[in-house]
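A.B. asks: Residue numbers (my numbering), protein chains in the order written: chain A, 5 to 373; chain B, 5 to 373.
Before I ask anything, here is the structure I am working with.
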């Protein structure tokens, strides 16, 4: 079962049922425009990350402003977007199961799809899947650039894997995947700059190895909402994979010199209990409604209120000046982390000037496989 | 869109697509039997909490072993269960929106439904909804017993609210909701005992107030997987609301003298990257696949492996003895917290003796409204 839509177009925001995923359309559109404007003078294009928004509608709005395509992390996300008409999709991640790879290759008839690899052992698997599907599959090599997650060693090992891919009959070498996730939330601007300088050195070393092997490198992809201008102005990366920029969240807002985007995504919650004399109010959005992997949500535009505790279906609110919200009151919460929050909902409720303007499905909700 | 089923009956477990929610059916059935056996000699009945399992199939298996009904936290969960034939459902939580209350009252034609209140201001709202629906709605009074969440003050204030409900034309007083969530994970057995002793004193004080007012108290509900034997043997509670007992999780297992249940619920994950010489393997289950509000998942039956970091779609595994799992290997992860983990999936993959035996839908997945 899908969640029932929590609103209808034309409703006032305070009539929306809770908890709901509310998108402030003015702030959201401003964020899309800001990113397009910031990237225009750099050499880099946006390939926005759909792991954040999981929405074919939002993908199309990004591409209408110049994004060259979309990134996803999972084959199920690629399917959801391709089926909705998105024509250029990079799985910016390793896929090792032949069943999943066959599903991805099968999308080639309706979209350009690419995938990453970071292990020579995957080349025969990818080759065999591509051959069976009758396609030439483009494969990027993911290199380790500081994230300490996936990615093989930059330089010669990456160059060798690229050559191995390029020499395969049913594969083509698509470029380098060079994303440093942990750099996005380093709090100090100088820490972020240094992290991407390190990642850049890894990319440069690998590009030299590709040159030695006379291999073209169509894509150098990476960059997130916290660091993208460093990648975009480096002369090394040509595709930026930011996702959160469209929404912002409480964790990005904690960066010193935070990214220049507005809070556009909220969990609308309602006070369901305000026990007399207890000094707290309880809202109907706990960590099932707004995951807390990156900290608690914050109450938007209410510096007097603090969200200080989450259980599965409850959030506890305290008031800094003692004046608590009343029973039934609705509050906008800024999610701690936008990506897993979006993935809890089947619907975006688009709001402008206090009224519901649109209901958009979260097309790839839950598509983890 | 729903997630596609990650398996088919008859498959070997290692053929199940990942990440998947795997239920070890032998362990799960043993847990249901253990709970029935432990509660039998006490005065208390089980009203299992469906916020954990969100499954009509599991609800029916619990009721076949003597559970008198189900608890839920949300009206959407009540709808999902009632539509699947569950006949006795308590919303063990406050519901303040008249639209939601009308949806709940509308279920009265197919199920016995009850709801909680902790505020006198809700009585006219509940009365008006019940009148409009042409039903008599049973309302329990939630009292604060140490959880510092919802619940009004025990004793006279609760007695007054109960009397107010009982005197309403379209409401009946259903009893007391007395659940101490925070007590479940107090690590020391003595801390848990003392917490429930405190809760019991609150219940007792309130029962005296009800007696003064000559009010019957059909239900005294509460108790979770960490403390239920204290409530069940107290002579005060008559309905136990445990949910996690069916599955267990890593957080409950950290209790000193943990509850006597087996790990039955797992996230099956696959190694998607094992960079040479990096000292880590990466699995395809991050915190979107196994939420980390109660800590990281643990690798089942592999004390040599530790899950030491989660991002959205990646989990990082280290080996205590240096021997890492290989690319493509599948691992069972014990979720940090079973409730939000279940709610990430549309399917349970039931496994017995290494083979997939059943696929059950997570009936109330995402039903937060």
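Ideal Cβ positions, reconstructed from N, Cα and C, are used throughout, including at glycine.
Source: prediction; values computed, not measured.
Count the other C-beta atoms from every protein chain shown that fall within 10 angstroms of the C-beta of residue 307/A, then say buried if there are 16 or more, exposed otherwise.
C.D. replies: exposed
A.B. asks: Are residue 223/B and residue 159/B close, meaning C-beta to C-beta below 8 Å?
C.D. replies: no
A.B. asks: Just grab the DSSP bridge partners of residue 53/A for me.
C.D. replies: 75/A
A.B. asks: Relative to the C-alpha of residue 143/A, which candidate in 151/A, 129/A, 152/A and 136/A has its C-alpha closest?
C.D. replies: 129/A
A.B. asks: Using a beta-carbon distance below 8 Å, is residue 122/A in contact with chain B?
C.D. replies: yes
A.B. asks: Straight-line CA distance for residue 45/B to residue 156/B?
C.D. replies: 32 Å
A.B. asks: So, at 7 Å on beta carbons, what are the nonlocal neighbours of residue 339/B in its own chain, with the 5 sequence-adjacent residues on each side left out?
C.D. replies: 253, 254, 269, 271, 294, 301 and 345
A.B. asks: Please report the distance separating the alpha-carbon of residue 28/B from that of residue 167/A.
C.D. replies: 44 Å
A.B. asks: Please report how far the alpha carbon of residue 263/A lies from the alpha carbon of residue 341/A, in whole angstroms.
C.D. replies: 14 Å
A.B. asks: I'd like to know if residue 318/B contacts chain A, where contact means its C-beta is closer than 8 Å to some C-beta of that chain.
C.D. replies: Output row for residue 318/B: interface = yes.
A.B. asks: Need the endpoints of the beta strand (DSSP E) that residue 97/B sits in, please.
C.D. replies: 92-98
A.B. asks: State the beta-bridge partners of residue 365/B as determined by DSSP.
C.D. replies: 351/B
A.B. asks: Count the other CB atoms within 10 Å of the CB of residue 218/A; is the residue buried (16 or more) or exposed (fewer)?
C.D. replies: exposed
A.B. asks: Grab me the residues of residue 14/B's own chain with a C-beta within less than 6 Å of its C-beta, minus the 5 sequence neighbours each way, in chain order.
C.D. replies: none
A.B. asks: For the segment 66-77 of chain A and the segment 32-49 of chain A, state whether three or more C-beta atom pairs, one from each stretch, are separated by less than 8 Å.
C.D. replies: yes
A.B. asks: Tell whether a beta-carbon distance below 8 Å holds between residue 66/A and residue 351/A.
C.D. replies: no
A.B. asks: Report yes if the C-beta distance between residue 245/A and residue 183/A is below 8 Å; otherwise report no.
C.D. replies: yes
A.B. asks: Run through the segment 211-237 of chain B for me and flag every whole alpha helix (DSSP H) of 4 or more residues, listed as ranges in chain order.
C.D. replies: 232-236
A.B. asks: Residue 240/B and residue 207/B look like a contact to me (Cβ under 8 Å); what is the Cβ gap, rounded to whole Å?
C.D. replies: Indeed they touch by this definition, with Cβ atoms about 5 Å apart.
A.B. asks: Compare the Cα-Cα distances from residue 115/A to each of 220/A, 106/A and 90/A and report the closest residue.
C.D. replies: Proximity to residue 115/A across 220/A, 106/A and 90/A peaks at 90/A, based on C-alpha coordinates.
A.B. asks: Might you give, ordered along the chain, the residues of its own chain that have their beta carbon closer than 6 Å to the beta carbon of residue 26/A, omitting 5 neighbours on each side?
C.D. replies: 270, 272, 353 and 355
A.B. asks: Identify every run of the beta strand (DSSP E) within the segment 229-280 of chain A, keeping only runs that are complete inside it and at least 3 residues long; order them along the chain.
C.D. replies: 269-277
A.B. asks: Using a Cβ cut-off of 8 Å (strictly closer), state whether residue 312/A contacts chain B.
C.D. replies: no
A.B. asks: Considering only C-alpha positions, which residue in the set 147/B, 136/B, 211/B and 88/B is nearest to residue 103/B?
C.D. replies: 136/B
A.B. asks: Mind the definition here: the segment 185-197 of chain A touches the segment 227-243 of chain A only if three or more C-beta pairs lie below 8 Å; say whether that holds.
C.D. replies: yes
A.B. asks: If the cut is a Cβ gap below 9 Å, which residues of chain B does residue 259/A touch?
C.D. replies: Here the premise fails: no neighbours, minimum Cβ distance about 17 Å.
A.B. asks: Using the Cα positions of residue 117/B and residue 24/A, report the straight-line distance between them to the nearest angstrom.
C.D. replies: Whole-angstrom Cα-Cα distance: 24 Å.
A.B. asks: Using a Cβ-based criterion (distance less than 7 Å to any ligand heavy atom), does residue 263/B qualify as near the ligand HEM?
C.D. replies: Ligands in the displayed structure: none, and consequently the ligand HEM is not present.
A.B. asks: The beta strand (DSSP E) with residue 177/B in it runs from where to where?
C.D. replies: Taken as a continuous stretch (DSSP letters only), the beta strand (DSSP E) holding residue 177/B covers 175-181.
A.B. asks: Any idea what DSSP makes of residue 21/A, helix, strand or coil?
C.D. replies: coil
A.B. asks: Can you tell me whether DSSP reads residue 166/A as helix, strand or coil?
C.D. replies: helix
A.B. asks: Along the alpha helix (DSSP H) that carries residue 68/A, what are the first and last residues, could you check?
C.D. replies: 60-68
A.B. asks: With residue 31/B as the anchor, note down where its alpha helix (DSSP H) starts and where it stops.
C.D. replies: 29-43
A.B. asks: Can you name the residues of chain A whose CB is closer than 7 Å to the CB of residue 377/B?
C.D. replies: This structure cannot speak to residue 377/B, because chain B is shown only from 5 to 373.
A.B. asks: Short of 6 Å in beta carbon distance, which residues of its chain neighbour residue 209/B, apart from the five on each side in sequence? Order them along the chain.
C.D. replies: 158 and 159
A.B. asks: With a threshold of 8 Å between beta-carbons, can residue 8/B be considered close to chain A, or not?
C.D. replies: yes
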